[in-house]
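Worksheet for the structure shown next.
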Amino acid sequence: MRRVAVIGVGVTKFGLHDRTSAELFADAAGDALTDAGIAASAVQALYYGNVVGGETEHQLHTGPQAASVLGIPSVPTTRFETACASSHAAFRHAVMEIAAGVSDVILVGGAERVLNVSTAESTEYFAYASDAVWEQPLGLTFPGVFALIARAHMEKYGTTEAQMAAVAVKNHRHGALNPKAQFQKQITIDQVLRSAYVADPLKLLDCCPFSDGGAAVVLASEEVARRHRKPVWVLASAAASDWMLLGDKRDLARVPATERAAAAAYRQAGLGPTDVDVVELHDCFTIAEIVATEGLGLFEPGAGGVAAENGWTSLGGKVPVNPSGGLKAKGHPIGATGAAQVAEIVTQLRGEAERRQVDGAKVGLAHTLGGNTATVLVSLFGRD
Amino acid sequence: MTETAVTLSQFFAGAREGRLTGVRCAGCGALAIPPKEFCPACGRRGWEVVTLSGEGTIASFTVIRVPPRAFAGEAPYAIAAVTLREGVSILGRVVDIPLDALVVGLPVRFRPLASKDQTSLGFGPA
Chain A
920 MRRVAVIGVG VTKFGLHDRT SAELFADAAG DALTDAGIAA SAVQALYYGN VVGGETEHQL
980 HTGPQAASVL GIPSVPTTRF ETACASSHAA FRHAVMEIAA GVSDVILVGG AERVLNVSTA
1040 ESTEYFAYAS DAVWEQPLGL TFPGVFALIA RAHMEKYGTT EAQMAAVAVK NHRHGALNPK
1100 AQFQKQITID QVLRSAYVAD PLKLLDCCPF SDGGAAVVLA SEEVARRHRK PVWVLASAAA
1160 SDWMLLGDKR DLARVPATER AAAAAYRQAG LGPTDVDVVE LHDCFTIAEI VATEGLGLFE
1220 PGAGGVAAEN GWTSLGGKVP VNPSGGLKAK GHPIGATGAA QVAEIVTQLR GEAERRQVDG
1280 AKVGLAHTLG GNTATVLVSL FGRD
Chain B
39 MTETAVTLSQ FFAGAREGRL TGVRCAGCGA LAIPPKEFCP ACGRRGWEVV TLSGEGTIAS
99 FTVIRVPPRA FAGEAPYAIA AVTLREGVSI LGRVVDIPLD ALVVGLPVRF RPLASKDQTS
159 LGFGPA
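Chains as they are written, first to last, in our numbering: chain A, 920 to 1303; chain B, 39 to 164.
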């Protein structure tokens, strides 16, 4: 298999935009291609993530639409949909296509637009990523899914609402250092604890926001990458799935798909959790960050809450998690999130993350979770 | 036996009458609810239909306060993951239990939630 590198990244600001998702993607992709110093005409395929385009924009077939708006209509284009992990799934397949020698340059990314509809509508559309026969009819929401996980984690390990709040406070502190973040404002533990319950025990400030935004990365074979500035190498890219129904999961306090994807990624790269210098992981809710740090092996099962509370995951801590601000503060345009996490890790490994830079970061990890924990992607990155 | 042991419409017709239907693997005896085509434990494609007790305990729960559009008039309402006496678990809507009385470990019993065109799973006091 050939080595694969990321040679360009581009991310729009996340938040409210008066632009279609295709426009947002094209903006990010243009920046990624400029960053790579490569012409749009060099792109041999587009792998694209978009989730609720059919609902919020009345748009299916979003892959070729995005390619057309970008101005590269003739490249083979595929849309990936694995809920919130869509563009990370797209990324993994692009890595495999280049590694296999089929293509040399692939554009990967995603975009989402949801702030053009009401919160009640987007809450409904996001719930479509839960089972329509067994769980949607109960009125289950995404905060509800993670609330069930949070309650199980609290019961099993003694995790507290204050420990979950510490994740939100930390990610807002990081987000305040990121000019692309939706929220660039610090918050306090007290503000999180006093915010209104959305799905007990999760409160408003435990939840990431609804966001519009786009993200893109340019992947290249080693031969092409050597001609470009600062290639960041893809050391591993792994996926795992799990039962669609929460009821089929034997232990709601753990996320087996994260554990399996991480094990596969570490094995591919010949690395372990202690080798990782910087992590971007899927903190759609504060409890999601806690269980992800455990599933990735950064901390023992049950120790994620303590780690957050002790500042071990802060910039300057043992293993900085979500220096970008994470989904919580940077924002979560679901189709774009995976590519945006990869873009942040690449920026960190290049040493170009400015005020949120993790000093001397050599190995980075991106973790993206789809929906009800039924999909997880984990990729590892390194620099020369 | 290769045909599907219980279809979704059969399951929900039973549920509407208060019966919670599971399937037991004819090969290894593993129990599943809802039914699956292949046994996740041994891979065999052959099931026997069994009626479950409907008795269980709450493994986790949440109170939904910001509902999807279709449930706007119902919030706040609780959803629980229930571990059935037989060892399998499933999600259901909590009915007839005060929200502030919910705790992990609380005994509950299956209750069908039937509306005009749909039946879903509920759990009420044991």
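Beta carbons are placed, not taken as given, at the ideal position from N, Cα and C, and that holds for glycine.
Being a predicted model, the structure only gives us computed values, none of them experimental.
At a cut-off of 3 residues, the continuous stretches assigned as beta strand (DSSP E) that sit fully inside the segment 1020-1052 of chain A are 1024-1031.
The beta carbon of residue 56 of chain B sits no closer than 8 Å to any beta carbon of chain A. At least one CB atom of chain A sits nearer than 8 Å to the CB of residue 119 of chain B. Under the three-pair Cβ rule at 8 Å, the segment 1182-1201 of chain A does not count as touching the segment 87-104 of chain B.
Using a Cβ-Cβ cut-off of 7 Å, residue 1119 of chain A is close to 100, 101 of chain B, given in chain order. Around the C-beta of residue 1023 of chain A, 16 or more other C-beta atoms lie within 10 Å, and the residue is accordingly described as buried.
By the criterion of at least three beta-carbon pairs nearer than 8 Å, the segment 1161-1172 of chain A is in contact with the segment 1275-1292 of chain A. Residues of the segment 116-147 of chain B with a Cβ closer than 7 Å to any Cβ of chain A, in chain order: 117, 119, 127, 128, 129, 130, 131, 142. Within the same chain, 1082, 1085 come within 6 Å of residue 1228 of chain A by CB-CB distance, once the 5 residues on both sides are set aside.
Collapsing the DSSP output to three states places residue 164 of chain B in coil. Near chain B, meaning a CB-to-CB distance below 7 Å, the residues of the segment 1104-1135 of chain A are 1116, 1117, 1118, 1119. Put simply, the backbone Cα of residue 1056 of chain A is about 12 Å away from that of residue 150 of chain B. For residue 76 of chain B, the closest Cβ of chain A is not nearer than 8 Å. Counting every other CB atom within 10 Å of its CB across the protein chains shown gives residue 1278 of chain A a total below 16, marking it as exposed. Excluding five sequence positions before and after residue 57 of chain B, the CB atoms of its chain that fall closer than 7 Å to its own CB belong to 89, given in chain order. Nearest Cα to residue 123 of chain B within the set B:143, B:107, B:112: B:143.
Per DSSP, the unbroken alpha helix (DSSP H) holding residue 1178 of chain A starts and ends at 1175-1188.
By the rule that beta-carbons nearer than 8 Å mark a contact, residue 1074 of chain A touches chain B. Judged by DSSP in its simplified three-state form, residue 1264 of chain A adopts helix.
Note on the segment 962-1004 of chain A: whole alpha helix (DSSP H) runs with a minimum of 4 residues are 972-975, 981-989, in chain order. For the options A:949, A:932, A:958, A:1234, the alpha carbon positioned closest to that of residue 1147 of chain A is the one of A:958. Of the candidates A:1062, A:944, A:1122, A:1241, the residue whose Cα lies closest to the Cα of residue 969 of chain A is A:944.
Judged by their CB atoms, residue 990 of chain A and residue 981 of chain A are not nearer to each other than the 8 Å cut-off. Contact residues of the segment 103-114 of chain B toward chain A are 103, 104, 105, 106, 107, 108, 109, 110, 112, 113, 114 (C-beta to C-beta distance below 9 Å).
For residue 95 of chain B, the beta-bridge partners assigned by DSSP are B:121, B:145. Taking 8 Å as the upper bound for CB-CB distance, residue 1175 of chain A and residue 1117 of chain A are not in contact here, some 25 Å apart.
In this structure, the CA atom of residue 160 of chain B is about 43 Å from the CA atom of residue 1155 of chain A.
Around residue 158 of chain B, the beta-carbon contacts reaching into chain A at under 7 Å are 1056, 1057. Within the segment 48-73 of chain B, 72 place their CB atoms closer than 7 Å to a CB of chain A, listed in sequence order. The beta-carbon separation of residue 1003 of chain A and residue 1256 of chain A, rounded to 6 Å, stays under the 8 Å limit for a contact. Straight-line measurement puts the Cα of residue 1274 of chain A at about 20 Å from the Cα of residue 954 of chain A. Counting C-beta pairs closer than 8 Å gives fewer than three between the segment 1135-1146 of chain A and the segment 1176-1194 of chain A, which falls short of the contact rule. Per the C-alpha coordinates, the member of A:1249, A:1258, A:1018 positioned closest to residue 1093 of chain A is A:1249. In the three-state reduction of the DSSP assignment, residue 1298 of chain A falls in the strand class, which pools E and B. Residue 100 of chain B is bridged by DSSP to B:117.
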